[in-house]
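Following: one structure in structure tokens, then a few remarks.
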Amino acid sequence: MQALPWRLLFIAAFAIPTQSSAQPTLLSDYFIETWNSNNGLPHNSVNAIAQTDDGYLWFATWEGVARYNGLEFTLFDRSPTTYMLDSGSRALTAEQGNRLWVGGARGSFTLRQGATWFGQDAAPSLVNHIYQDENKNLWLAIQGKGLVYRPYLDDAEYGQEQWLLQDLTAYRITQGRAGKVLVATEQGLYRLQGMTPELITTPEFKRVQYLSRANNGDLLLGTDNGAWRWDGQSLNEIDSALRNISVTVIEEDNSDCVWIGTVNNGVARYSQVGLEFFDASKGLPNNRILSWFQDMEGGIWIGTNGGVIRLREAPVVAITTRQGLVGNYVRSVLGLDAQRLLVGSSNGLSVVNSQTGYSAEVISDSVSVLSLAATQSEQILVGTYQHGVLRYHNGELTPEFDKRNGLPVNEVRAILQDSKGNLWFGTPVGLVRESPDKTIDYYTKEHGGLNGSYVMSLAEDEFGKIWVGTGVGVSYFDGDQFVSLDLDELEQAQYAFGFYIEAGFVWIATDRGIIRYQQSNGAMALVGRPQGLPIDKFFQVVKDDQGYFWLSSNRGIWRISYQAAHQVADGDATQIEFEHYDQNDGMASSQANGGSNPAAVKAQDGTLYFATANGVAAINSERLTTASQYRFPVVLESVSFDSNSVNRDELGQAPAGTHRVVFDYVGLGFVMPDRLQYRTKLQGFDSDWVYRGNSTIAEYTNLPPGEYQLMLSARYPYSEWQDSKPLYRFTVAPQFWQRLDVRLVAFIVVLFVIASLVRFRIHKLEKNEHKLKALVEAQTKELRKQAKNYELLSKEDALSRLPNRRAFDIHLNETFNHARQNQLEFYVAILDIDYFKKINDKYSHIIGDKAVVAIAQTLAEYVGDRSKVARWGGEEFTIMYNGEDVYDYFDALRQRIEQSDFSDVAEDLTLTVSIGVSTNRGTESYEEVVKQADHALLQAKRSGRNRVEIYAENEH
């Protein structure tokens, strides 16, 4: 037993500073997501978390090990395949080579490498931890038994075990700087000198329950008396506030922040901002912490007795009354300095400090704020709903300007002080200018030259022109008079909610997109729905420091490339890509606010702030740009030939006559897994990439004999496609009649027969003329029949007997061109069988095929004309319709399917479908019609499935 020398023992009176100089994200700013047994976990106690090289996340529970791909959990429990002796799992250790060690109840101890499990000799009791040292030797921490050492022999093979500690509970194992093994036990910390253990004692704690290595090589100790750091000589307390707290987990993340899990106090994090606690009152499922892990994307996973929680740096941080705002309905935001933000809401005025977790201080709770503006005297003017204009200075509000001294009404939606010192006030009944000499001028539509009296926004450009946004258009004041802009040709835009001024250009946020005004020639150009933006109305345009425009709207916040926006406005590009952020990305409400100014602002540190119907949405665009560069893994989950699953780790051999090859794949990006988009290319069959949208299934039917390789590429929406990755190679064996040697023999035989017939014809030409003609006619008829059959096979789906995707594409292209020439309207619907994968999993792929056939028969009967319905692929079908009452037509189809009896397919089987519908009206190609229908289908799924969504209706 060795005691720590008191001359080296330093108990820190204050917390140890971290190594990183970067300011970490506050715990309150993290986006929180939770999973438990209701979301697919087999058990709510998550004892350990790991991530293998392929990107999968693994969770050890008392009901087995759950593998997570971002969309669903797959359970591995006690079975001859996994070699688990008991489903209860306690330990997970991921190693290089895509290896995962699993330990648990009854001494269960097994290894998974790739997709194959390797059984190991069982331990005598519950395995708490598995550690592989630098020489690949195994160390096992055993409940109530001690420490076991197993020397490495060969891959997945180990020698006779040796007991180095006995008759105690060992919790965790690691190696120190010198390679010495250290063990956390109920008796304290043990260090092994060779194979001889020595107990390192200290009066500060008795039991060491957790042990890990910090980024600098120090040891982190979780004890029955707080959290400690040991560099091999000095023992330092992490934070005195953790004294007398039993620590169950202690780990350091990639930013040198220390995370401390406790028995019943939740989780704490120590960083440069100090010690922060996160418990059940703030969203933790349970206050008992069992495990902690940081994944490849930087997400923090915390396992508790009530499920697992993930904390990640969300694209958007919501600042609401929880942070101290006086009210959540925010209309205007304005930066005060590098740290503070002034927030005006319907309930009053608040100041937010970005350096203290966006904590807010209430300035007033008695005014309804509409607008904010800074003056040249570094004071703030506050426009209100009923109290005119107030002045904010030194934390106080005082009356400044109202109906009693010149305002026509007390409702002020926009304020501007121009470069000459004039103050401009926008109201619902006109525009007011107060000159430095206190002269008041009043401008309206009837008196003054404005194109509208309802003023919502004001701005000044580099030429000193004052821009005025109203409910019926835009005017600017050039020093002598107002000049109105005609926006009718730009999709009949009217409402001008906000301006972004840059050298040479003025950008206007309107109810028909954003409009660019070019100062040099007065030319205007629209970037809106015709150019690819999915909605019409935008409230504010803000430019970040990363080269992007951010647009606020009633349906979230949109990011577009600043350069691409100019290219579209210049006519050098016709379409613009975008990224969309809403409540799924951290916003408390997807509804941003407009009609008062400024409704969005960029602070001095580059953070963007947006006024919304539920607080302020804060976006760190630099952090978002960095996060989007992560290259997430893509994996092949399963392969099947005609519903027969095959080992995806081996070269595939599809038997002759295989009709259907199905691939299940997924991208292991856990930030927005349900938004990942995919495209595939089957080399040897596809000439180009096939866009799969959010589908994680690719299906190929009736592949000809040959060699194939599946390529997969993925991306987050509207970002760059990741480099393609080959996932699987396989061959399709030929039928007997398709073999080269058989065809060669047949060819020789045919040549011989033809030669014999020619000789026979020459010899008996006159006698056999009639027979020869009959033979030629018969052969010609047979060839035509074969040609017709081949043509049918190329255009018909083998399973459903409906036209296939190729045939439907041809027919849709012809219909689109005909409709365009004759100004006709028709509709395209994509129909998807709901939860089809669950049908396959529950009943089998054979029943799944029968379900596809049943739906196909229903569609054929309902539509009538088979040329207007087709099997699109997998569980998807397409339908063309050129009648009226389109929603009723497809909803009736949906109801027919929902009410149909499918018991002849499988007992108790019910089927529902989701349908997305789009019209050709306003589209440039039939591919665009299909894409819009696919968007509508996705909306139907997100809205709960078993429903009909029409694209045009969704966009209004």
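Count the sequence shown with mature numbering (1 follows the signal peptide of the UniProt record, and there is no 0) and you get residues -22 to -1, 1 to 934, in order.
Backbone N, C-alpha and C define an ideal beta-carbon position, used for all residues, glycine too.
Check                                                                                                          : Outcome
Under the three-state DSSP convention, the category residue -17 falls into                                     : Interpretation of residue -17 is limited by its pLDDT of 31, a score under 50 that renders its predicted location unreliable; no figure is taken from the coordinates.
Short Cβ contact (7 Å threshold) for residue 518 with residue 546                                              : no
Close Cβ partners of residue 21 (< 6 Å) along its chain, the five nearest in sequence each way excluded        : 39, 40 and 41
Sub-7 Å separation of residue 336 and residue 297 beta-carbons                                                 : yes
Pairwise C-alpha distance: residue 18 and residue 944                                                          : What is shown of the chain runs -22 to 934, which leaves residue 944 out entirely.
Three-state class that DSSP yields for residue 918 in the structure shown                                      : helix
CA-to-CA distance, residue 237 to residue 312, given in whole angstroms                                        : 35 Å
Sufficient close CB pairs (3 or more, under 8 Å) joining the stretch 388 to 398 to the stretch 347 to 365      : yes
Segments of 3+ residues assigned as beta strand (DSSP E) that fall wholly inside the stretch 148 to 188        : 148 to 153, 159 to 163, 166 to 171 and 174 to 179
Segment limits, beta strand (DSSP E) that includes residue 810                                                 : 805 to 811
Proximal residues to residue 711 (C-beta, below 7 Å), its chain only, five neighbours per side dropped         : 631, 632, 633, 634 and 683
Contact under 7 Å by Cβ, residue 187 with residue 195                                                          : no
Bridge-paired residues (DSSP) for residue 29                                                                   : 35
Three-way DSSP call (helix, strand, coil) for residue 796 in this model                                        : helix
Buried or exposed (CB count within 10 angstroms, at least 16 for buried), residue 504                          : buried
Distance, residue 803 Cα to residue 796 Cα                                                                     : 10 Å
Residue 419, enclosing beta strand (DSSP E) - first and last residue                                           : 418 to 421
For residue 570 and residue 535, the rounded distance between their alpha carbons                              : 8 Å
Range covered by the beta strand (DSSP E) that runs through residue 493                                        : 491 to 496
Within 7 Å, strictly: CB atoms of residue 87 and residue 98                                                    : yes
Inter-stretch contact (C-beta, 8 Å, three-pair minimum) for the stretch 59 to 67 and the stretch 81 to 96      : yes
Segment limits, alpha helix (DSSP H) that includes residue 723                                                 : 718 to 741
Contacting residues, own chain, Cβ-Cβ under 7 Å from residue 208 (five flanking each side not counted)         : 196, 197 and 199
Between the CA atoms of residue 773 and residue 734 - distance to the nearest angstrom                         : 38 Å
Beta-carbon proximity of residue 83 to residue 70, cut-off 7 Å                                                 : no
Where the alpha helix (DSSP H) containing residue 830 begins and where it ends                                 : 823 to 841
Buried versus exposed call for residue 973 [16 or more other C-beta atoms within 10 Å across all chains shown] : With the chain represented from -22 up to 934, any question about residue 973 goes unanswered, as that position is not in the structure.
Length of the line joining the Cα atoms of residue 586 and residue 601                                         : 12 Å
Per DSSP, cross-strand counterpart(s) of residue 51                                                            : 46
With 16 other Cβ atoms within 10 Å as the buried cut-off, status of residue 530                                : buried
Supposed close pair residue 347, residue 319 - CB separation, criterion 8 Å                                    : Rounded, the Cβ-Cβ distance is 13 Å, inconsistent with contact.
Buried or exposed by the 16-neighbour rule on C-beta atoms within 10 Å, applied to residue 246                 : buried
Residue 405 (DSSP reduced to helix, strand or coil)                                                            : strand
Residue 315 Cβ short of 6 Å to the ligand HEM heavy atom set                                                   : Summarising the ligand content, the structure contains no ligands, and the ligand HEM is consequently not present.
First through last residue of the beta strand (DSSP E) which encompasses residue 255                           : 252 to 256
Reduced DSSP category for residue 853 - H, G, I as helix; E, B as strand; rest coil                            : coil
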